[in-house]
Amino acid sequence: MKIDYKIEPPVVEGRLSLSQIEELVAKPLETRPDKKFFIAIGISGTALLIGIICVAITLHYGIGMWGNNQPVGWGFGIVNFVFWVGIGHAGTLISAILFLLRQKWRTGIARFAEAMTIFAVICAGLFPILHTGRPWLGGYLFPYPNQHGLWINFTSPLIWDVFAVSTYFTVSLVFWYIGLIPDFASLRERTASKVKKIIYSIFSLGWRHSNRNWLHYEKAYLLLAGFATPLVLSVHTIVSFDFAVSIMPGWHTTIFPPYFVAGAIFSGFAMVVTVLIFVRKIFNLEHIITLNHFDKMNKVIMATGMMVGYAYAMEFFIAWYSGNPFEQFVIINRAFGPYAWAYWIMVTCNVVFPQLFWIKKFRRSIPVMLAIAILVNVGMWFERFVITVTSLHRDYLPSSWGYFTPTLYDIGILVGSFGLFFTLVILFTKTLPVVSISEVKAVAGGAQPSHHGGNH
Amino acid sequence: MNRTDKIFGIAALFDTPDAIINAAEKVTAAGYKKIDVNTPYPVHGMNKAMKLKPSKLGFITLFFGLSGAAFAMLFMFWAMSLEYPMIIGGKPFFSLPAFIPITFEVTVLLATLSTVIGMLTFFFNYPNNNHPLNGTAYIKAVAVDKFGICIEASDNKFDKDVIEQLLHHLGANEIETIYYPKDEVYPIFQPKYLMFLAATAIATSLVTYFVLNKLMFMDPFNWMMVQDKLIPQEKSEVFEDGFGMRKPVEGTVARGFIPYPFMGEPTPADVLSNPFLPTRENIELGKKKYLIYCSPCHGNYAEGDSRLRGQFPNPPTLHSVRSREMSDGMLYHIITNGQNIMPSYASQVTREERWAIVNYIRVLQRAKFARESDLQEIKKESAANVE
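Note that the protein sequences, when read in sequence, are chains E and V.
Under the numbering used here, the first residue of the first sequence carries the number -12, and numbering increases by one thereafter.
Under the numbering used here, the first residue of the second sequence carries the number 17, and numbering increases by one thereafter.
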């Protein structure tokens, strides 16, 4: 097949008119939920319920119900935290970094990816808070004047985490809301229901699609994108500091920040692909979320997958090059020790399978990409597991070596976090426009003045 | 109708982005200032057509971003270096690298929030659902796929007929006159509203009372007042005898308490020998301990001159032949075991101290029965000291 790469494929396919785009996106909000919806929410709700029960038991008896104990003091709590924060990163990448890079194709998927960011960060936040044992005292994590005259330790990576994750959540939420304002205004004008009109009016703030507003709005969007970009990089960098600032062999390496960021984008894109495949099918958004979108996302998955693979190789190299016997022991133990099974699941899922995306046919085949995306998610979960558990289970003191096995409650809470995530995603698809109406209209064919020329 | 007769402006709808750009250019060129264009999405080139100046929003971002950075850094400096200085992980009180992550996050947080809030309130005057344009057919159309322009009545050049003609000429397919809406009034002293306020107040107080005084002391929020652990003297279900406190295993030797094999024997056949040399430090220690533990009965120079004034039978002098000829081990045995009415000092005086006391008693005895050679030695020493 001959492709002229100078001509970009149209972002919106099927020559949809502006009103047709709006019609398509707004349809799920205006129709009653069907059977498919209830089945989906039934499944995710069940998973969520399992999680809630396990959390309740954990709160009642304490986190002794979990599998982490000496020497593996950081078990599923931290593994799942890093996993979910990573999932969130794709959303900000798509909405902010691709915006700065003027990638128009982002418009179709940005809203959804941003929503996933917010839900993923909610899931992530649960784990460290639960791991404290007394989540209702979480306010102690923030600096507040108290009768002890004591402040939190601002030099601790765990406090950096608190600031990074809460800033990330707030900024993502604001960014998301800013994008939603024009859509709320459009929905306000569309809806026939009185109650909905009031709700949309409140959230649209009285938006009038005025060009005097668009002027500042576009500027604000640019500024926010400009801040969200370093922010998203900083968040996973700081998450990696949780490990890298310690002196555990296998953690204390400078490659961790970039390695974690690449891994986060990798897993995040895989999750976006997984979920969008279903959303696109169920809500007939094939013209707005096209195969070209998936093609591009799969390329990102492959690229970041190779970065992660490079990091795995580099860990071996540095262990040898540093001449540090502890580092060497840990790295070799990772690949051939008691957790070799987890290590090799990680390597096959993250490095080997994404290589299939070199072939264009696979990049554009829904079943293949679904399989690979799920495998990547599994692989990335195991990556965090391998990093956390292998370094800890063989620490400096051989007398305290042990083997970490999660308990049922660990697994139940992990299942519950997936339940929470998908419940939120499913509710989102029925309550808010999953695609940015105004942004997609702006990139539809014939939406911009003709004499104004070309792409910019 | 829910509107006044006061005209807000005249609005016209166009079908294509090209037409609206053209219209905006022409209307601006005609000298109208109070105009606005409403489009479903930002149309490229519109800002130029309307001759709008670039947005100044960035200044808000800059100002608050910088203040966020300064505030975070200064606050951490104050809290970690001045208010409650503490060395953590060997870092200095002001450890700049460790402060950077939080400075960055606070900068981003303040910059973005101020940008958004500043834009919505300061630049847009939102929330404003009461704007004359809201709720008109015009806004309904531009929210979907039409492109509109509105010339406001507050413009100096406003003339309804002239403007309508101009817009027609530009190819507008619908022209609408927009009126100001009636002011909405919200009567405050309605019984319904007052009831609502009262109900909210009662509900809030009840919930607050419940949360602070009841909920916070229920399981699991019990502030660790109930703990699954044993405190001393508590009963335990785990052990057969029901005692929570456990006895050490048979034959356990506590640190520093090696058992003494001749306990209870008045005159053991065989005794230990002194493991300590009579060094200066050892004798100093022995003197200190002797004066504390032995001198009340035996006297400061072991002459048997008790300070107890008959409250306890006077011990014999330790300068007797019997005492002088005792082995070190025997002296040690008497301190450890006691002798007749003299009690054991094993629990007060450690093993090392007992041997030191023995050495000190030897010093006292030697001083009392000094030989000629000893005296000469002392004379020599004191002569050397005088020089």
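C-beta atoms are modelled at their ideal positions from N, C-alpha and C, and glycine is treated no differently.
List the residues of chain V that Val42 of chain E touches, going by C-beta distances under 8 Å, in chain order.
What Val42 of chain E touches in chain V: nothing, since even the nearest Cβ is about 11 Å away.
Give the secondary structure of Leu29 of chain V by DSSP, where H, G and I count as helix, E and B as strand, and everything else as coil.
strand
Compare the C-beta of Gly441 of chain E with all C-beta atoms of chain V and state if any pair is closer than 7 Å.
Unreliable placement is indicated for Gly441 of chain E, whose pLDDT of 42 sits below 50; the coordinate value is still reported in the next sentence. Not an interface residue.
For Lys208 of chain V, which three-state DSSP category applies?
helix
Buried/exposed call for Leu149 of chain V, threshold 16 Cβ in 10 Å
buried
So, helix, strand or coil for Gln181 of chain V, using DSSP?
helix
Judging by CA-CA distance, which residue of V:Met241, V:Leu347, V:Ser389 and V:Ala215 is the nearest neighbour of Thr283 of chain V?
V:Leu347
Could you tell me the alpha carbon to alpha carbon distance between Leu82 of chain V and Ile50 of chain E, rounded to whole angstroms?
42 Å
Could you give the DSSP three-state label for Cys166 of chain V: helix, strand or coil?
strand
Chain-order list of residues whose beta-carbon lies under 6 Å from that of Arg371 of chain E (same chain, five-residue window excluded):
Val66, Val69 and Phe70
Thr152 of chain V classed as buried or exposed, judged by whether at least 16 other C-beta atoms fall within 10 angstroms
buried
Cα separation between Arg387 of chain V and Pro332 of chain V?
23 Å
Does the pairing of the segment 406 to 417 of chain E with the segment 97 to 111 of chain E give three or more beta-carbon distances under 8 Å?
yes
Grab me the residues of Leu362 of chain E's own chain with a C-beta within less than 7 Å of its C-beta, minus the 5 sequence neighbours each way, in chain order.
Cys336 and Phe340
Please report the residue range of the alpha helix (DSSP H) in which Pro197 of chain V lies.
Unbroken run through Pro197 of chain V is the beta strand (DSSP E), Glu190 to Pro197; no alpha helix (DSSP H).
Mind pulling the chain V residues with CB within less than 9 Å of Val158 of chain E?
Val124, Leu125, Thr128 and Leu129
Would you list the one or two residues that DSSP bridges to Phe259 of chain V?
V:Lys251
Does the separation of the CB atoms of Asn290 of chain V and Asp344 of chain V fall below 7 Å?
yes
Is the CB-CB distance between Tyr48 of chain V and Asp171 of chain V below 7 Å?
yes
So which residues of chain V does Thr154 of chain E contact, with C-beta pairs closer than 8 Å?
Glu121, Val122, Val124 and Leu125
Whole angstroms is fine: what's the gap from Thr291 of chain E's alpha carbon to Ala298 of chain E's?
11 Å
Would a C-beta distance cut-off of 7 Å place Asn330 of chain V and Gly320 of chain V closer than the cut-off?
yes
Tell me the DSSP bridge mates of Lys53 of chain V?
Sequence check: residue 53 of chain V is Val here, not Lys. Answer by DSSP bridge pairing, in chain order: V:Ile165.
Determine the direct distance from the alpha carbon of Arg93 of chain E to that of Ser309 of chain E, and round the result to whole angstroms.
42 Å
Please give the ranges of any beta strand (DSSP E) in the segment 367 to 437 of chain E, keeping only runs that are unbroken, at least 3 residues long and fully inside the region.
none
Note down, in chain order, every chain V residue with its Cβ under 8 Å from the Cβ of Pro130 of chain E.
Phe91 and Ala95
So, helix, strand or coil for Thr20 of chain V, using DSSP?
strand
Taking Cβ to Cβ, would you say Glu9 of chain E is nearer than 7 Å to Val160 of chain V?
yes
Within the segment 109 to 179 of chain E, ranges of the alpha helix (DSSP H) (whole runs, at least 4 residues)
144 to 177
Going by alpha carbons, who is nearest to Trp345 of chain E out of E:Ser378, E:Phe316 and E:Asn285?
E:Asn285
Cβ contact (3+ pairs, closer than 8 Å) linking the segment 364 to 376 of chain V and the segment 297 to 315 of chain V
yes
For Val374 of chain V and Cys310 of chain V, the rounded distance between their alpha carbons
11 Å
DSSP state of Met279 of chain V mapped onto helix, strand, coil:
coil
Please indicate yes or no: does the CB of Asn63 of chain V lie closer than 6 Å to some heavy atom of the ligand GDP?
In the structure on display, the ligand GDP does not appear, and there are no ligands present to speak of.
Going by DSSP, which residues form a beta bridge with Met358 of chain V?
V:Gln355
Measuring straight from C-alpha to C-alpha, what distance separates His439 of chain E and Asp52 of chain V?
Residue placement at His439 of chain E is poorly supported in this model, since its pLDDT is 49, which falls under 50; the coordinates are not used for a value here.
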